[in-house]
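>
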Amino acid sequence: MWTKKNRPNYNRDYLRYPSDLTDEEWVFVEPLIPPAKRGGNKRSVNIREIVNAMLYVLGTGCQWRSIPKDLGKRSTVFEYFQRWTDDRTLDRLHDTLYERCRDLVGRDPSPTAAIIDSQSVKSAEKGGPRLTSQAMTPARKSRARNGIFL
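Numbering (this note's numbering), first residue to last: 717 to 866.
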């Protein structure tokens with residue numbers, strides 16, 4: 717709740733970017749990050765900066781090419797983003813932090829109730845996102861069937 721007593725807990729003015737992790741937040745996130753790949757060279761990037769760069773993109777909505785230079789190379793950040801998406805590290809990170817937040821406020825780690833509106837039900841009856849993407853994708857035209865194509 718936004719009270720005068722509680723507001724300082726959410727102050728992020730002392731951080732380089734508001735999306736950066738505080739030391740207290742990093743303590744929760746660090747154990748959830750997978751170790752470097754076995755073999756080869758040791759990890760040469762600061763993994764906390766990689767996470768901060770991903771949070772910057774999520775928080776600002778900027779393009780990958782607009783990541784500030786002090787957060788690391790955009791290609792490296794995007795490579796980690798793809799790797800962690802593919803191996804579901806980001807999903808595990810989200811789920812673990814979500815459950816921990818619910819636990820901190822005294823709630824059951826997983827919700828026991830859900831609210832479904834009529835629009836959600838209509839979407840589920842039609843097949844949901846899978847059919848939506850098909851409807852939004854323009855049909856491909858074969859050039860070989862075109863009478864003008866030689």
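Think of the CB as a built atom: it goes at the ideal place given N, C-alpha and C, for glycine as much as any other residue.
#1: Under 8 Å: do the region 726-744 and the region 765-772 share three or more Cβ pairs, one atom per stretch?
#2: Kindly list the residues whose CB is nearer than 8 Å to the CB of F794, restricted to its own chain and excluding five residues on each side of it in sequence; keep chain order.
#3: Counting along the chain, where does the alpha helix (DSSP H) carrying L748 start and finish?
#4: Which of the three DSSP states is assigned to Q779 in this structure?
#5: Would you call the CB atoms of T805 and V761 closer than 7 Å?
#6: How big is the Cα-Cα spacing for V821 and R754?
#7: Specify the secondary structure class of W718 as computed by DSSP and reduced to three states.
#8: Of the choices I832, H810 and S834, whose alpha-carbon is the least far from that of S826?
#9: Could you give the residue range of the alpha helix (DSSP H) that holds L809?
#10: Less than 8 Å between C-beta atoms, sequence neighbours within five positions excluded: which residues of the same chain meet that for D819?
#11: Assign P724 to one of three DSSP states: helix, strand, or coil.
By the coordinates alone:
#1: yes
#2: For F794, where only same-chain residues beyond five positions count, the Cβ hits under 8 Å are W780.
#3: Boundaries for L748: no alpha helix (DSSP H) harbours it, and the DSSP string shows neither H nor E there.
#4: coil
#5: No, the pair does not count as a contact, with Cβ atoms beyond the cut-off.
#6: 38 Å
#7: coil
#8: H810
#9: T805 to L820
#10: P825
#11: The three-state secondary structure of P724, taken from DSSP, is helix.
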